[in-house]
Amino acid sequence: MTDVVLPCRDEAPALPGLLARMPAGYRVIVADNGSADGSADVALALGAVVVQVPEPGYGAAVHAGVLAADPADGVVCVLDADGSFDPADLPALAGPVRAGAADLVVGRRRPSARGAWPVHARAGNAVLAARVRRVTGLPVHDIGPIRACRRDALLALGLRDRRYGYPLELLLAAGRAGWRVREVDVAYHPRAAGTRSKVTGTVRGTLRAVRDMSAVLAR
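Per the UniProt record's numbering, the sequence shown runs over residues 1 to 219.
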């Protein structure tokens with residue numbers, strides 16, 4: 001059974017459809033990061049494991065979810081809980097890791113509809129990915145909000161960021177550690193109705209993400 005960590009804050013409308021599409025053999029761990037819309041109750045009712053994460057931040061939620069993953073399987077996946085990704089893509093990411101062909105597989109977002117990925121967010125992502133390629137030599141073009149890797153190897157990297165800089169720190173750390181990183185195309189859909197982006201949905205969220213990632217690059 002492969003664990004899938006869903007960092008979650010106020011994503012209740014997206015969870016039923018997302019969990020219904022989860023492939024066989026994948027167990028969902030919802031890392032609830034202070035939701036006020038009943039996300040944890042929805043997830044529990046749908047059979048997911050729920051981990052309460054009092055420390056705010058995307059990285060804090062992901063880290064707590066990874067700690068809760070079963071070390072027996074070894075592989076852990078992460079994807080956003082807003083319905084923008086299709087869980088059917090998870091085997092394509094987890095497969096190379098399980099086969100020993102890659103240490104980390106990240107999804108390269110391909111928008112499925114106009115407006116799925118705002119232009120300013122796409123541009124910012126491209127700049128950061130270019131910086132990662134230049135610093136690490138990794139063949140990545142996306143910061144990778146959907147990914148798969150070995151649980152214990154991920155924890156051994158000792159990632160410190162607990163906010164929006166976490167995915168960027170992961171790639172930089174993977175490059176320094178000599179990880180074999182592979183990128184696969186994944187469809188990127190509009191968010192589920194009733195949810196709102198914590199980054200691109202507000203000016204405050206965008207500025208916070210820029211601050212967190214700038215801090216990671218400055219280390």
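Every residue gets a Cβ at the ideal spot worked out from N, C-alpha and C, and that includes glycine.
Which residue marks the beginning of the alpha helix (DSSP H) containing residue i, and which one marks its end?
{"i": "E11", "result": "Here E11 belongs to no alpha helix (DSSP H), and DSSP marks it neither H nor E."}
{"i": "L170", "result": "Y166 to R176"}
Just the C-alpha distance for residue i and residue j, rounded to the nearest angstrom, thanks.
{"i": "A94", "j": "V49", "result": "20 Å"}
{"i": "L6", "j": "G65", "result": "8 Å"}
{"i": "Y188", "j": "A99", "result": "26 Å"}
{"i": "L172", "j": "R21", "result": "31 Å"}
{"i": "A123", "j": "R133", "result": "15 Å"}
{"i": "A92", "j": "D10", "result": "28 Å"}
{"i": "N125", "j": "R160", "result": "21 Å"}
{"i": "R163", "j": "G144", "result": "15 Å"}
{"i": "N33", "j": "A215", "result": "22 Å"}
{"i": "S39", "j": "P16", "result": "10 Å"}
How is the beta strand (DSSP E) around residue i delimited, first residue to last?
{"i": "A187", "result": "V181 to Y188"}
Since residue i contacts residue j with CB under 8 Å, what's their CB separation in whole angstroms?
{"i": "P87", "j": "L18", "result": "7 Å"}
{"i": "Y166", "j": "L90", "result": "Not confirmed; about 19 Å, so no contact."}
{"i": "R191", "j": "D82", "result": "5 Å"}
{"i": "V135", "j": "G175", "result": "7 Å"}
{"i": "A31", "j": "V51", "result": "5 Å"}
{"i": "R182", "j": "P96", "result": "6 Å"}
{"i": "H120", "j": "A129", "result": "That pair is no contact at about 15 Å."}
Original post:
Do the stretch 36-45 and the stretch 97-113 meet, that is, are 3 or more Cβ pairs less than 8 Å apart?
Top reply: no
Subject >> Ordered list of alpha helix (DSSP H) runs contained in the UniProt domain "Glycosyltransferase 2-like" (4-154), each at least 4 residues >> reply: 15-20, 39-45, 58-68, 90-98 and 119-136
Subject >> Cβ contact check for the stretch 69-77 and the stretch 142-152: 3 or more pairs under 8 Å >> reply: yes
**OP:** Tell me, please, whether the stretch 55-70 touches the stretch 108-117 by the rule of three or more beta-carbon pairs shorter than 8 Å.
**Re:** no
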